[in-house]
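Comments concern the structure below.
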Amino acid sequence: MQTAITSRRALADLSLLGVAFIWGLTFVMVRDAVHAYPVFAFLSARFILAFVAMIPLVLLLRKRAAGWGGDTHLGKQLGAGIILGLFLFAGFGFQTAGLQWTTPAKAGFITGLAVVLVPVLGVLFARERPRAAVWVGVGLATAGLALLSQVGVNLGDSINPGDVLVFFCALSFAGHIFITGKFAHRMNPLVLTTMQILTVAVLASITSYFFEPATPVFPRGQPLFAAAFTGLLATAAGFGIQTVAQRFTTATHTALILITEPLFAALASIMLIQESLGPGQWLGGILILVGMLAAELSSR
Numbered sequence: 002m003q004t005a006i007t008s009r010r011a012l013a014d015l016s017l018l019g020v021a022f023i024w025g026l027t028f029v030m031v032r033d034a035v036h037a038y039p040v041f042a043f044l045s046a047r048f049i050l051a052f053v054a055m056i057p058l059v060l061l062l063r064k065r066a067a068g069w070g071g072d073t074h075l076g077k078q079l080g081a082g083i084i085l086g087l088f089l090f091a092g093f094g095f096q097t098a099g100l101q102w103t104t105p106a107k108a109g110f111i112t113g114l115a116v117v118l119v120p121v122l123g124v125l126f127a128r129e130r131p132r133a134a135v136w137v138g139v140g141l142a143t144a145g146l147a148l149l150s151q152v153g154v155n156l157g158d159s160i161n162p163g164d165v166l167v168f169f170c171a172l173s174f175a176g177h178i179f180i181t182g183k184f185a186h187r188m189n190p191l192v193l194t195t196m197q198i199l200t201v202a203v204l205a206s207i208t209s210y211f212f213e214p215a216t217p218v219f220p221r222g223q224p225l226f227a228a229a230f231t232g233l234l235a236t237a238a239g240f241g242i243q244t245v246a247q248r249f250t251t252a253t254h255t256a257l258i259l260i261t262e263p264l265f266a267a268l269a270s271i272m273l274i275q276e277s278l279g280p281g282q283w284l285g286g287i288l289i290l291v292g293m294l295a296a297e298l299s300s301r
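Under the numbering used here, the first residue of the sequence shown is numbered 2, with each subsequent residue one higher.
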């Protein structure tokens, strides 16, 4: 019995590592895609595909998930999914736009700051008192961000617009994680996930229609491959695998494994597009990872 439990936990951890690897790859793919296709048109295609892929999962699990929302009215769950979708839309919008000017490796590390920003939001909006280790993590991550962005005397020469946009992405994702923590324990995660994906698809489509040049609903070539990969694998399958895997492993294991995403983003960027990071930038990335680790472990 114990052997079976250990095997399931090992398989769950390995699956989560695979999800982190897929998410790390998306930074390079999205960067290449948005150089050839408008940002919000790409997001629209990505999340339309993700929503379509979620439909079979919803139908398959609808009976098993019937009681997951407890006594919370379905309308409130749908509303919560829309609110979370707004934060998700902001996060992916800032990240995708930022990748036009910054590198995938830097974007991966900066996005990872969301883990460190969550306890800060808790202090600001919920009057929480995090442990000292959280503030150590915040300090390390801040120093790492300065090194990663090569902050010097002349800030204009070191911080590019993409870095700023991706930082706002991290802030949006932190808000998403923070609010999810308030909703998730009393609502159906299947409803929340599906509504978030649908909300992003609708908002991205509207934004693209009004503010970007007219384009086909789905791109062609590399942007289409990137939209399919990120929509089907990184979004629909990624969230699905994470949901199932967390039944067999701990939340701490999940968080610590997913922290490797920025590292996979950096490695993919180096191998696929020959991005080069200097020693100071690597040190900055490591400090961000250590800061994320400190904040996550202390919160558990």
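Note that the Cβ used here is the ideal one computed from N, Cα and C, for glycine as well. Since the model is a prediction, treat every value here as computed from it, not as a measurement.
A residue is called buried when at least 16 other Cβ atoms come within 10 angstroms of its Cβ; S150 meets this threshold and is buried.
Taken through DSSP and simplified to helix, strand or coil, A238 comes out as helix. Close CB contacts of G281 within its chain, under the 6 Å cut and outside five residues either way in sequence, are with L148 (chain order). Here S173 is buried: its Cβ has 16 or more other Cβ atoms, across all protein chains shown, within 10 Å.
DSSP, reduced to helix, strand and coil, places P280 within a helical segment of the structure shown. By the Cβ neighbour-count rule, A81 is buried, with 16 or more other Cβ atoms within 10 Å of its own.
Around the beta-carbon of Y38, 16 or more other beta-carbon atoms lie within 10 Å, marking it buried.
In chain order, I242, A246 place their CB closer than 6 Å to the CB of S16, counting only its own chain and leaving out the 5 sequence neighbours on each side. If you draw a straight line from the Cα of T143 to the Cα of P57, it is about 42 Å long. For M188, no alpha helix (DSSP H) encloses it, and the DSSP letter there is neither H nor E.
Cβ neighbours of A175 within its own chain (closer than 7 Å, five residues either side excluded): A115, L118, V119, L122. Comparing alpha carbon positions, the residue from D164, F126, F169 closest to Q101 is D164. Annotation: F168 to A108 spans about 8 Å, alpha carbon to alpha carbon. About 31 Å separates the Cβ atoms of L278 and A51, ruling out a contact at the 8 Å cut-off. In the pairwise beta carbon analysis, the stretch 190-201 is classified as touching the stretch 82-95: at least three pairs are separated by under 8 Å. The stretch 21-30 makes no contact with the stretch 177-187, as fewer than three CB pairs between them are under 8 Å. Sorting I274, T97, F48, S209 by C-alpha distance to the C-alpha of A171 places T97 at the top. With a beta-carbon spacing of about 7 Å, L264 and L290 fall inside the 8 Å limit used to define contacts. With a minimum length of 4 residues, the unbroken runs of alpha helix (DSSP H) contained wholly in the stretch 48-110 fall at 75-99. Spatial neighbours of I49 in its own chain (CB-CB distance under 6 Å, excluding positions within 5 residues in sequence) are listed in chain order as A202. In this chain, the alpha helix (DSSP H) harbouring G138 covers 133-149. Counting C-beta atoms within 10 angstroms of its own C-beta, F110 has 16 or more neighbours from the protein chains shown and is therefore classed as buried. In the three-state DSSP reduction, P162 falls in the helix class (H, G or I). When secondary structure is reduced to three states using DSSP, I207 falls in the helix class.
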